[in-house]
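According to full-length UniProt numbering, the residues represented by the sequence shown are 1 to 317, in order. Cβ atoms here follow ideal geometry from the backbone N, Cα and C, with glycine treated the same way.
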Amino acid sequence: MREISSNLTFPFSTFHLTGIPGLEEVHAWIAIPFFCLYAIALLGNGMILFVIIREQSLHEPMYYFLSMLSATDLGLCISTLVTMLRIFWFNAREISFNACLAQMFFIHLFTIMESSVLLAMAFDRFVAISNPLRYATILTNSRIIQIGIAIVTVATVILIPLILLLKRLSFCHSHVLRHSYCFHPDVMKLSCSDTKINSAFGLTATILVAGVDSTLILLSYILIIRSILNIASPEERKKAFSTCISHITAVAIFYIPLVSLSFVHRFGKQAPLYLPTLIANMSLLIPPVMNPIVYSVKTKEIHKTLLKVLCPKAVRV
1 MREISSNLTF PFSTFHLTGI PGLEEVHAWI AIPFFCLYAI ALLGNGMILF
51 VIIREQSLHE PMYYFLSMLS ATDLGLCIST LVTMLRIFWF NAREISFNAC
101 LAQMFFIHLF TIMESSVLLA MAFDRFVAIS NPLRYATILT NSRIIQIGIA
151 IVTVATVILI PLILLLKRLS FCHSHVLRHS YCFHPDVMKL SCSDTKINSA
201 FGLTATILVA GVDSTLILLS YILIIRSILN IASPEERKKA FSTCISHITA
251 VAIFYIPLVS LSFVHRFGKQ APLYLPTLIA NMSLLIPPVM NPIVYSVKTK
301 EIHKTLLKVL CPKAVRV
């Protein structure tokens, strides 16, 4: 019988995912709030997509970008749902190498896409406030489609080399990952091969995506604030800024958990073992859960349409 090598070039080789360290005995109970959060995220984003598709009055650039955000959040939820709940409910921690790479690809794909969609939404708000008369001619349907295709293409082009570079590595140490899902830095650290190229490419991709997107979003809001200050009427200023509140909240919801996770990994050496894993899990769940709630509450048109769909009799009355 052929001796089995520890190198992960074999198709049946597996990684072992981690639940929440130190809280294994209560995983079944922890799964309940996680399941509720997933249900809220799936239902909330599904409802946002449904009302935007159904309601003709919402067929405008702002809501097209919102539908992209909801679709991205749905993809992010579905990418992690199965492995998280399998771990918490059934202690099923094994995942094959190829399945791990596939999950990693989609998690990072939708994360990059969400960052890019938030940037596109910032541009949308800038055009709407600074040049409202040309808003419809600048953000035409064809241009929005082009932006959507560009977002998917850029994310895919960035990620394919990242995945291919991982496939060349050998893994001869522990196969236990630190998260409930496959995460690029987590997998890379288990390799016994030289990972300098992987690390450099991963850092470059992070800077290109999160660094450039967040900088451009900040620049957009500097220009938006300048445009708002040029509006003579205080009432009009307030109205213009109120259209940005939902987007500012969505940006904070996306970036704050990611920054928090980065700080915990770098400076939280004395923190409990479960803290980084818990924050990592929540960083992928908070945006999909909170974004539909924020836009449903803060955006009058979405709020009214949801009421009309869910409680048609009450609206008529």
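*Answer yes or no: does any C-beta atom of chain D fall closer than 8 Å to that of residue 41?*
Note that chain D does not occur in the displayed structure, where there is just one protein chain.
_To the nearest angstrom, how far is the alpha carbon of residue 125 from that of residue 187?_
If you number the sequence shown from 1, residue 125 lands on position 125. If you number the sequence shown from 1, residue 187 lands on position 187. Rounded to the nearest whole angstrom, the CA to CA distance from residue 125 to residue 187 is 38 Å.
_Of the residues 303, 288 and 300, the one placed nearest residue 43, counting alpha carbons only_ = Working through the sequence shown from its first residue, we reach residue 43 at position 43. Among 303, 288 and 300, the Cα nearest to that of residue 43 is on 288.
*Using alpha carbons as the reference points, say which of 121, 34 and 26 lies closest to residue 218.*
Taking the first residue of the sequence shown as position 1, residue 218 is located at position 218. The residue with the shortest Cα to Cα distance from residue 218 is 121.
*What are the start and end residues of each continuous beta strand (DSSP E) run of 3 or more residues lying completely inside the segment 89 to 154, in chain order?*
For the segment 89 to 154, whole beta strand (DSSP E) runs of length 3 or above, ordered along the chain, are 94 to 96.
*In chain order, what residues of the same chain have a beta carbon less than 7 Å from the beta carbon of residue 148, not counting five sequence neighbours either side?*
Here residue 148 refers to the residue found at position 148 of the sequence shown. Within the same chain, 68 come within 7 Å of residue 148 by CB-CB distance, once the 5 residues on both sides are set aside.
*residue 157 bridges to which residues according to DSSP?*
Within the sequence shown, numbered from 1, the residue matching residue 157 stands at position 157. Among the bridge pairs identified by DSSP, residue 157 is matched with none.
*Roughly how many whole angstroms lie between the Cα atoms of residue 290 and residue 114?*
One-based indexing of the sequence shown puts residue 290 at position 290. One-based indexing of the sequence shown puts residue 114 at position 114. Spanning the two alpha carbons is a distance of roughly 14 Å.
*asked:* Give me, in chain order, the residues of the same chain whose beta-carbon lies closer than 6 Å to that of residue 163; leave out the 5 immediate sequence neighbours on both sides.
replied: By one-based count along the sequence shown, residue 163 stands at place 163. Taking residue 163 as the centre and dropping the five residues before and after it, the same chain places the C-beta of 101 and 105 closer than 6 Å to its C-beta, in chain order.
_Could you check whether residue 184 and residue 108 sit closer than 8 Å to each other, using their CB atoms as the reference points?_
Along the sequence shown, one-based indexing puts residue 108 at 108. Along the sequence shown, one-based indexing puts residue 184 at 184. With contacts defined as CB atoms closer than 8 Å, residue 108 and residue 184 qualify as a contacting pair.
*Would you tell me roughly how many angstroms separate the C-alpha atoms of residue 299 and residue 244, rounded to the nearest one?*
Mapped onto the sequence shown, residue 299 falls at position 299. Mapped onto the sequence shown, residue 244 falls at position 244. Going from the Cα of residue 299 to the Cα of residue 244 covers about 10 Å.
*asked:* Which complete alpha helix (DSSP H) runs does the segment 263 to 302 hold, if anything under 4 residues is left out?
replied: For the alpha helix (DSSP H) assignment, the uninterrupted runs of no fewer than 4 residues enclosed by the segment 263 to 302 are, from N- to C-terminal side, 274 to 298.
*Provide the residue(s) that pair with residue 15 in DSSP beta bridges, ordered along the chain.*
As a working mapping, residue 15 is identified with position 15 in the sequence shown. Paired residues: 95.
*If I'm right that residue 250 touches residue 212 with Cβ under 8 Å, what's the distance once you round it to whole angstroms?*
For the purposes of this step, residue 250 is taken as the residue at position 250 of the sequence shown. For the purposes of this step, residue 212 is taken as the residue at position 212 of the sequence shown. Contact flag wrong, Cβ pair sits at about 18 Å.
*Own chain partners of residue 271 with C-beta closer than 8 Å, once the 5 adjacent residues on each side are dropped*: For the purposes of this step, residue 271 is taken as the residue at position 271 of the sequence shown. Excluding sequence neighbours, residue 271 sits near 264.
*For residue 296, which residues from the same chain have a beta carbon less than 7 Å from its beta carbon, with the 5 sequence-adjacent residues on both sides left out?*
As a first step, residue 296 must be located in the sequence shown, where it is residue number 296. Hits under 7 Å: 302, 303 and 306.
*Could you tell me how far apart the beta carbons of residue 22 and residue 273 are, in whole angstroms, since I believe they sit closer than 8 Å?*
Within the sequence shown, numbered from 1, the residue matching residue 22 stands at position 22. Within the sequence shown, numbered from 1, the residue matching residue 273 stands at position 273. The C-beta distance from residue 22 to residue 273 rounds to 5 Å, short enough to meet the 8 Å contact threshold.
*Please say whether residue 117 and residue 151 have beta carbons closer to each other than 8 Å?*
Counting from one through the sequence shown, the residue named residue 151 turns up at place 151. Counting from one through the sequence shown, the residue named residue 117 turns up at place 117. In contact: residue 151 and residue 117 (Cβ atoms closer than 8 Å).
_Quick test of the definition: if touching needs 3 or more C-beta pairs under 8 Å, does the segment 17 to 35 touch the segment 84 to 91?_
By the Cβ criterion, the segment 17 to 35 is in contact with the segment 84 to 91, since at least three pairs of Cβ atoms, one from each stretch, lie closer than 8 Å.
*What's the gap between the Cα of residue 222 and the Cα of residue 192?*
Counting from one through the sequence shown, the residue named residue 222 turns up at place 222. Counting from one through the sequence shown, the residue named residue 192 turns up at place 192. Cα atoms of residue 222 and residue 192: separation of roughly 46 Å, rounded to the nearest angstrom.
*Excluding the 5 residues preceding and the 5 following residue 319 in the sequence, name in chain order all residues of the same chain whose CB lies nearer than 7 Å to its CB.*
In the structure displayed, the chain extends from 1 to 317; residue 319 sits before or after that span and is not available.
_Please classify residue 51 as buried or exposed, where buried requires at least 16 neighbouring CB atoms within 10 angstroms._
Position 51 of the sequence shown, counted from the start, is the residue given in the question as residue 51. With 16 or more Cβ atoms within 10 Å of its Cβ, residue 51 is classed as buried.
*Opposing strand residues paired with residue 82 [DSSP bridges]*: The sequence position of residue 82 within the sequence shown is 82, counting from 1. Residue pairing of residue 82 in beta bridges, as defined by DSSP: absent, with no partner found.
*Which one of 177, 246, 254 and 165 has the shortest CA to CA distance from residue 214?*
Here residue 214 refers to the residue found at position 214 of the sequence shown. Minimum Cα-Cα distance from residue 214 among the listed residues 177, 246, 254 and 165 corresponds to 254.
*Does the beta-carbon of residue 209 have 16 or more other beta-carbons within 10 angstroms, so that it is buried, or is it exposed?*
Numbered from 1 along the sequence shown, position 209 holds the residue referred to as residue 209. Around the beta-carbon of residue 209, 16 or more other beta-carbon atoms lie within 10 Å, marking it buried.
*Smallest Cα separation from residue 330: which of 112, 49, 169 and 129?*
Outside the shown range of the chain, which is 1 to 317, sits residue 330, and nothing can be said about it.
*Spatial distance of residue 103 from residue 234 (CA atoms)*: Here residue 103 refers to the residue found at position 103 when the sequence shown is read from its first residue. Here residue 234 refers to the residue found at position 234 when the sequence shown is read from its first residue. Rounded to whole angstroms, residue 103 to residue 234 spans 49 Å at the Cα level.
*residue 176 bridges to which residues according to DSSP?*
As a first step, residue 176 is located in the sequence shown; it is residue number 176 there, counting from the start. Paired residue(s): 16.
*Look at the Cβ atom of residue 252, then the Cβ atom of residue 129, and state whether they are nearer than 8 Å.*
Within the sequence shown, numbered from 1, the residue matching residue 252 stands at position 252. Within the sequence shown, numbered from 1, the residue matching residue 129 stands at position 129. The beta carbons of residue 252 and residue 129 sit no closer together than 8 Å.
_Need the endpoints of the alpha helix (DSSP H) that residue 236 sits in, please._
Indexing the sequence shown from 1 puts residue 236 at position 236. Annotation for residue 236: the continuous alpha helix (DSSP H) segment containing it runs 234 to 242.
*Grab me the residues of residue 119's own chain with a C-beta within less than 7 Å of its C-beta, minus the 5 sequence neighbours each way, in chain order.*
By one-based count along the sequence shown, residue 119 stands at place 119. Closer than 7 Å at the Cβ level, and outside the excluded window around residue 119, lie 213, 216 and 217.
*Would you call residue 195 buried or exposed, if buried means 16 or more other Cβ atoms sit within 10 Å of its Cβ?*
On the sequence shown, position 195 is the one that residue 195 refers to. With 16 or more Cβ atoms within 10 Å of its Cβ, residue 195 is classed as buried.
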